[in-house]
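Take a look at the structure below.
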Ligand SMILES: NC(=O)c1ccc[n+]([C@@H]2O[C@H](COP(=O)([O-])OP(=O)(O)OC[C@H]3O[C@@H](n4cnc5c(N)ncnc54)[C@H](O)[C@@H]3O)[C@@H](O)[C@H]2O)c1
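Residue numbers (the numbering used here): 9 to 235.
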């Protein structure tokens with residue numbers, strides 16, 4: 009999804025800094041997107057990594073208008089089986105990551121006169137299912153965190169919203185094979201997977217001035233899964 013977002017935003021004239029732990033993939037995507045895109049290695053679970061990331065953004069552009077907290081991992085497993093390591097890792101990437109991202113984006117975004125932040129939650133944060141406790145806990149937390157941030161940042165002209173995708177076909181879901189695909193489609197009333205581009209279009213809207221009066225909200229994009 010992050011790649012689809014970067015592609016769409018560059019096509020619409022934005023300058024984009026892509027951050028990921030996948031250095032080769034990130035660099036190659038930035039190269040393909042041309043001079044408006046650059047890649048900076050980022051581990052969202054590390055405060056030092058976020059600081060260095062935004063120092064780089066500041067040095068290159070001197071401003072920050074949007075942040076998409078997209079990085080995430082899916083940690084399946086029943087509560088009876090999940091290890092503390094699995095639960096902690098899900099927390100560090102899916103929950104602590106966006107928290108640190110927002111914290112360290114704030115000074116530069118404030119200096120830029122405002123901006124918009126989008127946090128990727130999930131439809132499981134409205135309608136969960138068994139076997140997804142570690143992941144669902146972080147995605148529910150993101151909804152709450154988004155609302156708190158929207159209230160805390162309102163005086164800085166910074167909007168914060170959550171996007172809750174349903175089943176989207178990406179490397180995250182493809183890693184679980186065709187069985188996962190069949191389950192994903194069967195749980196989706198529209199009987200198809202969403203595409204990363206469809207999510208990117210919603211994120212683009214929430215980052216743009218078109219959504220100027222929208223903050224602290226949840227946006228489902230899930231083929232009626234949570235209807
Ligand atoms: N695919 C779906 O069906 C679905 C549904 C609901 C929500 N989501 C959420 O949407 C977001 C994007 O998901 P996706 O399907 O594109 O997943 P993906 O696995 O395809 O991409 C996630 C990216 O996060 C990166 N990442 C992982 N750990 C990181 C870290 N510590 N620091 C920096 N980057 C890291 C990965 O390298 C990867 O590039 C995630 O937050 C995910 O939980 C996905």
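C-beta atoms are modelled at their ideal positions from N, C-alpha and C, and glycine is treated no differently.
- Within the same chain, 26, 34, 35, 38 come within 6 Å of residue 47 by CB-CB distance, once the 5 residues on both sides are set aside.
- Contact fails between the region 95 to 106 and the region 181 to 199, because fewer than three Cβ pairs, one in each stretch, are under 8 Å apart.
- Shortest gap from the CB of residue 181 to any heavy atom of ligand 1: under 7 Å.
- Considered as a whole, the region 102 to 163 harbours 105 to 119, 141 to 160 as its complete alpha helix (DSSP H) runs of no fewer than 4 residues, in chain order.
- Only exposed fits residue 20, as fewer than 16 other CB atoms lie within 10 angstroms of its CB.
- The bridge partners DSSP lists for residue 26 are 47.
- With fewer than 16 other beta carbons inside 10 angstroms of its own, residue 91 counts as exposed.
- In the structure shown, residue 168 adopts extended strand secondary structure according to DSSP, grouped into three states.
- For residue 44, the closest of 210, 68, 146, 108 by C-alpha to C-alpha distance is 68.
- Setting aside the 5 residues that flank it on each side, residue 51 is surrounded in the same chain by 29, 57, each with a C-beta closer than 8 Å to its C-beta; the list follows chain order.
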